[in-house]
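Notes to accompany the following structure.
Protein chains: 2
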Amino acid sequence: MKYKESHTLILNNIARFIDLTELEKQKYLSLLTEIKVKKKAFLMQAGDVAKYEYFITKGCLKVYTLDEDGAPHISMFAVEDYWTGDIASFMMKKPTPYFIKATEHSELLGISRANYDLLFQEIPKFEKFYRILYQKSLISYIQRSNHGISLTAEERYIEFKRKYPQIVNRITQKDLAGYIGITPEFMSKIISKVNRM
Amino acid sequence: MKYKESHTLILNNIARFIDLTELEKQKYLSLLTEIKVKKKAFLMQAGDVAKYEYFITKGCLKVYTLDEDGAPHISMFAVEDYWTGDIASFMMKKPTPYFIKATEHSELLGISRANYDLLFQEIPKFEKFYRILYQKSLISYIQRSNHGISLTAEERYIEFKRKYPQIVNRITQKDLAGYIGITPEFMSKIISKVNRM
DNA sequence: GAAAAAAAATGAACTAGTTTAAGACTTTTA
DNA sequence: TAAAAGTCTTAAACTAGTTCATTTTTTTTC
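In structure tokens:
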């Protein structure tokens with residue numbers, strides 16, 4: 001069966017961990033909602049309860065919090081083939097501390113909380129899919145939380161460039177600074193230093 | 001049915017997310033290995049392939065890496081009712097960068113990789129258990145990786161004390177410094193400052 | 001329970017990263 | 001397409017956290 005591009009992308013993402021029959025694929029796709037966000041528009045704002053978990057089929061978004069001084073701390077950038085959202089807010093139905101803003105015109109597939117619960121009843125294989133997906137995310141967050149504490153800002157920048165070369169060129173230096181955990185001024189210094197090396 | 005203390009502890013831990021029949025409980029327990037480690041002994045050393053994922057029934061352990069300069073970076077403390085190990089090494093059968101050392105005489109239940117795989121075949125409910133366990137761990141690592149980058153050392157210390165009051169008193173200040181990501185000297189200063197407040 | 005080893009405290013000199021401010025460059029918007 | 005808004009660069013003064021060295025206190029070991 002032939003699917004549209006965004007559906008092929010999400011089905012391939014899922015096929016990394018589990019095999020679905022045609023019928024299951026169609027059932028799964030029927031549980032998703034298509035969402036478009038313009039550049040600079042918000043997908044989520046602090047105080048909201050997360051209505052969806054998102055899969056990005058096109059574009060780029062940043063997930064961030066604002067601290068007491070109003071300074072942004074970016075926790076992730078999400079591009080095509082990535083999952084994003086606030087899983088704590090989504091699961092516990094409590095207000096999120098996050099903002100999610102499109103840095104490019106973006107297209108997403110969202111699964112609502114009701115459909116997420118339904119999914120496990122209708123296609124129990126998805127327990128395995130999410131078990132493995134969360135396991136992999138966990139592995140990378142464990143690494144990131146250690147790096148955040150044990151590496152210098154310069155090392156974190158070099159590591160980010162090595163790990164996400166496709167993202168570096170799509171985001172501003174200022175946002176990258178917000179992710180690395182330093183000021184834009186210091187980010188500028190690091191970049192000119194690293195480029196000089 | 002009456003179980004020994006360590007078995008009751010792990011069964012209660014699992015019962016937070018899934019219900020098992022008596023038969024399933026017995027099957028599950030049969031897949032576990034009992035492990036004891038003396039204070040200062042290693043459960044795992046860098047270069048090993050992780051043979052088990054562990055549940056702690058008694059004691060306290062620290063999980064850490066050594067950087068190029070030989071300085072320890074502690075990624076977690078594990079006490080009774082906690083799960084630990086190196087999930088990346090365990091899953092991918094590749095060498096671990098971690099050391100796991102008992103800071104007290106400790107007792108654990110381990111599940112081997114072969115039995116972990118068997119578990120999902122024999123009791124598919126465990127997909128759900130691990131899906132939720134990994135989801136919860138993910139939520140706390142997401143928070144920790146953000147805090148590691150956006151909070152000051154003093155704030156991280158206060159946060160650790162608030163979140164793990166039962167652990168603070170069981171570990172040395174030096175190890176806590178290795179977890180917070182600062183030198184023992186600076187940890188000492190922070191503690192005397194915070195206590196003075 | 002004495003001796004040895006490890007942990008904790010303190011202080012002075014140092015470095016990674018911040019703050020503030022100002023000018024140049026780039027992108028967005030009317 | 002001009003003006004406004006946002007991003008990037010540079011630099012000087014500052015602060016959070018490190019390093020090194022020494023002393024005191026606590027824990028471990030025989």
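Read top to bottom, the protein sequences are chains A and B.
Residue numbering for the first sequence follows UniProt numbering, beginning at 1 and increasing consecutively.
Residue numbering for the second sequence follows UniProt numbering, beginning at 1 and increasing consecutively.
Here a beta-carbon is modelled for each residue, glycine too, at the ideal position from N, C-alpha and C.
Can you tell which of the options has its C-alpha closest to the C-alpha of residue i?
i, options, result
"residue 56(B)", "154(B), 179(B), 124(B) and 5(B)", "5(B)"
"residue 119(A)", "25(A), 9(A), 12(A) and 17(A)", "25(A)"
"residue 40(A)", "47(A), 60(A) and 67(A)", "60(A)"
"residue 170(B)", "126(B), 147(B) and 78(B)", "78(B)"
"residue 81(A)", "196(A), 10(A) and 3(A)", "10(A)"
"residue 71(B)", "172(B), 178(B) and 96(B)", "178(B)"
"residue 73(B)", "184(A), 180(A), 164(A) and 147(A)", "147(A)"
"residue 201(A)", "113(A), 153(A) and 128(A)", "Outside the displayed span of chain A (1 to 197) sits residue 201(A), for which this structure offers no information."
"residue 67(B)", "83(B), 144(B) and 97(B)", "97(B)"
"residue 18(A)", "95(A), 124(A), 54(A) and 58(A)", "124(A)"
"residue 15(A)", "95(A), 50(A) and 126(A)", "126(A)"
"residue 139(B)", "75(A), 184(A) and 21(A)", "75(A)"
"residue 54(B)", "83(B), 122(B), 37(B) and 69(B)", "83(B)"
"residue 181(B)", "193(A), 145(A) and 191(A)", "145(A)"
"residue 255(A)", "95(A), 1(A) and 111(A)", "What is shown of chain A runs 1 to 197, which leaves residue 255(A) out entirely."
"residue 211(B)", "184(B), 7(B) and 20(B)", "The question about residue 211(B) has no answer, for chain B in this structure spans 1 to 197."
"residue 155(B)", "95(B), 193(B), 94(B) and 92(B)", "193(B)"
"residue 151(A)", "12(B), 69(B) and 58(B)", "69(B)"
"residue 122(B)", "23(B), 3(B) and 1(B)", "23(B)"
"residue 95(B)", "58(B), 185(B) and 47(B)", "47(B)"
"residue 93(A)", "117(A), 50(A) and 128(A)", "50(A)"
"residue 38(A)", "58(A), 21(A) and 190(A)", "58(A)"
"residue 117(A)", "117(B), 131(B) and 115(B)", "131(B)"
"residue 153(A)", "45(A), 1(A) and 176(A)", "176(A)"
Does the ligand ZN have even one heavy atom less than 6 Å from the beta-carbon of residue i?
i, result
"residue 179(B)", "Of ligands this structure carries none, so the ligand ZN is not represented either."
Could you tell me which chain A residues have their CB closer than 8 Å to the CB of residue i, listed as they occur along the chain?
i, result
"residue 127(B)", "124, 127, 128 and 131"
"residue 73(B)", "146, 149 and 150"
"residue 19(B)", "Simply none; closest approach about 15 Å."
Could you give the residue range of the alpha helix (DSSP H) that holds residue i?
i, result
"residue 136(B)", "125-150"
"residue 116(A)", "113-122"
"residue 218(A)", "Only positions 1 to 197 of chain A appear in the structure, and residue 218(A) is not among them; the question remains open."
"residue 102(A)", "Segment 99-102 is the beta strand (DSSP E) holding residue 102(A); no alpha helix (DSSP H) there."
"residue 194(A)", "184-196"
Considering just the uninterrupted stretch of the beta strand (DSSP E) at residue i, what are its terminal residues?
i, result
"residue 8(A)", "Segment 5-15 is the alpha helix (DSSP H) holding residue 8(A); no beta strand (DSSP E) there."
"residue 74(A)", "72-79"
"residue 88(A)", "Run containing residue 88(A): none in the beta strand (DSSP E); it sits in the alpha helix (DSSP H), 87-92."
"residue 44(A)", "42-44"
"residue 161(B)", "Run containing residue 161(B): none in the beta strand (DSSP E); it sits in the alpha helix (DSSP H), 153-163."
"residue 23(B)", "Element bounds for residue 23(B): not the beta strand (DSSP E) but the alpha helix (DSSP H), 22-30."
"residue 63(B)", "60-66"
Under 7 Å between beta-carbons, which chain A residues line up against residue i? List them in chain order, please.
i, result
"residue 199(B)", "Absent from the structure is residue 199(B), since the part of chain B shown begins at 1 and ends at 197."
Along chain A, which residues have their Cβ under 9 Å away from the Cβ of residue i?
i, result
"residue 87(B)", "135, 138, 139 and 142"
(message) Quick check: the segment 87-107 of chain B against the segment 101-108 of chain A, are at least 3 beta-carbon pairs closer than 8 Å?
(response) no
(request) Return the residues of the segment 134-148 of chain B that lie within a Cβ-Cβ distance of less than 7 Å from chain A, sorted by chain order. (result) 134, 135, 137, 138, 139, 141, 142, 144, 145, 146 and 148
(request) Assess, as a yes-or-no matter, whether the segment 158-178 of chain A is touched by the segment 127-136 of chain A under the definition of 3 or more beta carbon pairs within less than 8 Å. (result) no
(request) Evaluate contact between the segment 61-76 of chain B and the segment 89-104 of chain B, counting only Cβ atoms and requiring at least three cross-stretch pairs below 8 Å. (result) yes
(request) State whether the segment 83-92 of chain B contacts the segment 28-40 of chain B, with contact taken as three or more CB pairs (one from each stretch) at a distance under 8 Å. (result) no
(message) Please identify, using Cβ separations under 8 Å, the residues of the UniProt domain "Cyclic nucleotide-binding" (16-120) of chain B that lie next to chain A, in order along the chain.
(response) Per Cβ criterion, the list reads 65, 67, 73, 75, 87, 88, 91 and 120.
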